[in-house]
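Heads up: the sequence shown begins at 11 in my numbering, then just goes up one per residue.
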Amino acid sequence: MKLRSSHVLCKVADISAAVRDFTGQGFTVTWGSRPDKAHNALLWFPEGPFVELFELPARAAVLRWPVGLRYGAPAGQRIAAWARSAPGWADLALETDAQHLRAEYAELSRLDLPVSRILKGRRTNPDGSKVGYQFLAPAPAGLPFIVSSYDPPQRPAEIAHPNGAKSVARIRFGVAAQDRAGLEALIGPDPWLDVVPAEQTGVQSVELNGAQFAGGL
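Put into structure tokens, the structure is as follows:
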């Protein structure tokens with residue numbers, strides 16, 4: 011597959027506090043929806059991957075069962091993994107240019123890589139506009155998940171961070187030996203992704219051009 015890094019998920023304990031913190035660090039933060047209802051916020055860059063901050067309580071792990079029944083076990087496992095993870099880098103999304111994921115689902119099924127059914131998501135931006143997308147969750151949950159392009163496209167026309175952050179420079183992604191074949195089935199040429207051997211599969215760190223994350227990220 012010719013998938014590339016779309017965005018990195020960073021779990022936070024409190025989304026409102028996280029937005030204040032990252033704004034204080036000099037980042038321009040965009041709410042994912044109305045601030046009084048949002049569970050996520052975004053750090054966009056002029057090009058390349060963005061960072062998604064999200065809040066999800068541990069109790070949401072119970073959604074594993076209804077989500078798994080509707081969309082397949084890998085989807086439920088992914089939700090549970092997000093819910094149970096500690097604050098910090100939680101996942102990596104890989105993207106395609108298409109607005110649907112039928113081809114990716116068919117290819118993963120052909121390769122016998124466990125994968126959820128296609129999930130269709132929708133959210134409302136702070137300005138009231140709607141955005142739609144699709145995603146797929148391969149298993150195990152440490153592997154990156156797959157997202158379609160947003161409909162309509164969401165990257166802002168002008169993006170500037172007061173702290174000088176220009177773009178994501180590198181996403182260091184650890185892969186356990188038993189997950190390497192699955193990862194190689196997903197990724198294509200990717201200038202941002204640095205895959206290294208590890209005991210546990212997942213995002214290890216994210217480096218930026220022009221700035222640094224504070225707080226141990």
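Beta carbons are placed, not taken as given, at the ideal position from N, Cα and C, and that holds for glycine.
Would you kindly check if the distance between the Cβ of residue j and the Cβ of residue i is under 8 Å?
i	j	result
V216	L203	no
L102	F183	yes
D200	R14	yes
F37	A175	yes
A51	A71	no
State the Cα-Cα distance for the pair residue i and residue j, rounded to the nearest angstrom.
i	j	result
A113	I128	11 Å
F145	A85	10 Å
P172	Q35	9 Å
I181	R88	20 Å
G58	V39	16 Å
L218	V205	17 Å
R133	V18	18 Å
E194	Y81	24 Å
G225	L79	38 Å
Going by CA-CA distance only, name the one from the options that's closest to residue i.
i	options	result
A167	A147, P56, A27	P56
D46	T38, D31, A27	A27
V22	F64, F60, R30	F64
L118	G225, L153, I89	L153
A179	A186, G36, G220	G220
A96	C20, T211, A187	C20
S126	M11, Y115, Q210	Y115
D264	P136, L123, G131	No statement about residue 264 is possible, as the shown extent of the chain runs from 11 to 227 and does not include it.
H110	A48, G142, H49	G142
A151	R120, G131, A93	A93
D24	R44, S16, H49	H49
Q222	W41, P207, S177, K140	S177
K130	V77, V185, A186	V77
D161	I169, G82, S139	S139
R165	R30, P207, W41	W41
E62	A224, V29, G225, E194	V29
P163	A170, T106, R120, L121	T106
State the CB to CB distance for the pair residue i and residue j, rounded to an integer number of angstroms; the pair is presumed to be in contact (CB under 8 Å).
i	j	result
F155	A147	5 Å
W54	V213	18 Å between Cβ atoms; not a contact.
L66	L196	Contact flag wrong, Cβ pair sits at about 23 Å.
M11	G192	The Cβ separation is near 11 Å, so there is no contact.
S43	P136	6 Å
A186	Q210	6 Å
What does a CB cutoff of less than 7 Å around residue i pick up in its chain, not counting 5 residues either side in sequence?
i	result
A108	S158, S159
W75	G86
F60	H17, L52, L53, W54
Step through the CB atoms of chain B and report whether any lies within less than 8 Å of the CB of residue i.
i	result
S158	Although the question refers to chain B, the structure presented lacks it and comprises just one protein chain.
Among residues of its own chain, excluding the 5 on either side of residue i, which ones have a beta-carbon nearer than 8 Å to its beta-carbon?
i	result
A208	G184, V185, A186, Q214
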